[in-house]
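Report on one structure; see the data block that follows.
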Amino acid sequence: MTELSEVAKHYSSTALLDRIEAALAEVGARRPLDLETLALFDEFHIGGRRATHHLLENLKVSAGNKVLDLGCGLGGPARYVAKTSGARVTGLDLSADFVATGNALTGQALMADLVELRQGSILDMPFDDNQFDVAYMIHVGMNISDKPALAAEVARVLKPGGVFGIFDVMAVDDAELSYPVPWASGPEQSALCPPEAYRDALTDAGFNIRSETDRSAFALDFFARMMARQNKVEGQPVLGLHLVMGPDAGLKISNMVAALHGGQIAPVEMIARLGS
């Protein structure tokens, strides 16, 4: 069973905003901040912006929708969803560091009218019932042991007929991972589950699963392209995942890619609708 305090410890990052603003200044980033520039570090999941765009297409978000980003991190996907759809997006994340930094970046991108990030647990959300038209989570369930409680809480805050999108790393076999990985410094912070655990939790909470897609081929291509780009340049880019994931970002990603190649894990996208 993962403990939320352990998860929060993994994602805590002191002086995060200072590091990011120093890096932005170094590359001469102008205000208002451009979302493409922010995407170099604020979409820290497999596939980055491309994966967010793919999920958004399947969610079919439209202007006027109220959207919930579960485990929003710095708010990269939330800002992209709001910018491209015109929807109002609320993000919720356990890490106070991420929320404070994300709200500052949202303000500097002039998007505070569409995006708000709040600190809290997605297992006990500070929202009334039937509030949102769409909810999604990107690489979040790997830290949540109680998948049934998660699905039930999402069902509570969604309107009847609401859509829930998931893009998580899921377990394919029982082999032990090498740590650290992006979502966990050690096994006590990891709650990897196979797709059937998600299916069962969603079904029991009243969701109808509309699609399920294994995106392993996409992920392997994404990392191959990433390595090819890195091999063409010397040193670490100024704007990159290390700003958020820390100095061991390369090791975390390397361990995850090895597990992908070894068939231990797979990134899986699920789309479910609440009710029939």
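Quick note, the sequence shown lines up with residues 7 to 282 if you use our numbering.
Idealized CB from N, CA, C, for every residue including glycine.
Looking only at DSSP bridge pairs, what is residue i linked to?
{"i": "THR96", "result": "LEU74, GLU122"}
{"i": "ASN214", "result": "ARG279"}
{"i": "TYR142", "result": "ASP75, GLY171"}
{"i": "ILE271", "result": "ALA177"}
{"i": "ALA255", "result": "None, per the DSSP bridge assignment."}
{"i": "ALA69", "result": "In DSSP, ALA69 forms no bridge with anything."}
{"i": "THR219", "result": "GLU275"}
{"i": "VAL187", "result": "ALA190"}
{"i": "LEU164", "result": "PHE138"}
By Cβ distance below 7 Å, which residues in the same chain neighbour residue i in space, the five residues on each side in sequence not counted?
{"i": "GLU49", "result": "ARG55, THR58, GLY82, PRO83"}
{"i": "GLU218", "result": "PRO201, VAL274, MET276"}
{"i": "LEU251", "result": "Position check: residue 251 holds Met in this sequence, whereas Leu was assumed. Excluding sequence neighbours, MET251 sits near PHE50, PRO188, LYS258."}
{"i": "HIS248", "result": "GLN242, ALA255"}
{"i": "ALA203", "result": "LYS153"}
{"i": "ASP99", "result": "GLY77, CYS78, GLY79, VAL105, LEU123, GLN125"}
I'd like to know whether the C-beta atoms of residue i and residue j end up nearer to each other than 8 Å.
{"i": "GLY4", "j": "ASP174", "result": "A query on residue 4 cannot be resolved here, the shown segment of the chain reaching from 7 to 282 and no further."}
{"i": "LEU41", "j": "TYR142", "result": "no"}
{"i": "ILE52", "j": "ALA177", "result": "no"}
{"i": "VAL33", "j": "LEU245", "result": "yes"}
{"i": "GLU167", "j": "PHE138", "result": "According to the sequence provided, residue 167 is Gly. The question's Glu does not apply to it. No, the pair does not count as a contact, with Cβ atoms beyond the cut-off."}
{"i": "VAL163", "j": "MET131", "result": "yes"}
{"i": "LEU116", "j": "PRO38", "result": "yes"}
{"i": "LEU61", "j": "ILE144", "result": "yes"}
{"i": "ILE26", "j": "THR107", "result": "yes"}
Enumerate in chain order the residues of its own chain whose CB-to-CB distance from residue i is below 8 Å, with the five nearest sequence positions on each side excluded.
{"i": "LEU208", "result": "ALA157, PHE170, ILE215, MET276, ALA278"}
When the Cα atoms are used, what is the spatial distance from residue i to residue j?
{"i": "ALA285", "j": "ALA155", "result": "Because the chain spans 7 through 282 in this model, residue 285 falls outside it and cannot be assessed."}
{"i": "LEU80", "j": "ASP210", "result": "31 Å"}
{"i": "PRO193", "j": "VAL187", "result": "10 Å"}
{"i": "LEU133", "j": "ALA118", "result": "According to the sequence provided, residue 133 is Phe. The question's Leu does not apply to it. Computed Cα separation, rounded: 19 Å."}
{"i": "GLN195", "j": "ALA234", "result": "31 Å"}
{"i": "ARG85", "j": "ALA69", "result": "14 Å"}
{"i": "SER101", "j": "GLY126", "result": "8 Å"}
{"i": "LEU6", "j": "ASN237", "result": "Limits of the chain in this structure are 7 at one end and 282 at the other, which puts residue 6 out of reach."}
{"i": "VAL140", "j": "LEU23", "result": "29 Å"}
{"i": "ARG205", "j": "ARG36", "result": "44 Å"}
{"i": "ASN261", "j": "ALA272", "result": "13 Å"}
{"i": "ASP152", "j": "PHE47", "result": "29 Å"}
{"i": "SER184", "j": "HIS267", "result": "13 Å"}
{"i": "LEU30", "j": "GLN114", "result": "12 Å"}
{"i": "ILE172", "j": "GLU240", "result": "36 Å"}
{"i": "ASP220", "j": "GLY281", "result": "24 Å"}
{"i": "ASP307", "j": "ALA161", "result": "Absent from the structure is residue 307, since the part of the chain shown begins at 7 and ends at 282."}
{"i": "GLY92", "j": "ALA197", "result": "34 Å"}
{"i": "LYS165", "j": "VAL67", "result": "14 Å"}
{"i": "PRO253", "j": "THR20", "result": "13 Å"}
Go through its chain and collect everything with a Cβ distance to residue i's Cβ below 6 Å, but skip five positions before and after it.
{"i": "ARG94", "result": "LYS72, LEU120"}
{"i": "PHE228", "result": "GLY53"}
{"i": "ALA181", "result": "GLN270"}
{"i": "GLY97", "result": "ASP75, CYS78, GLY81, ALA84, LEU123"}
Taking only beta-carbon atoms, is residue i less than 8 Å away from chain C?
{"i": "ARG94", "result": "Here there is only one protein chain, and chain C is not present."}
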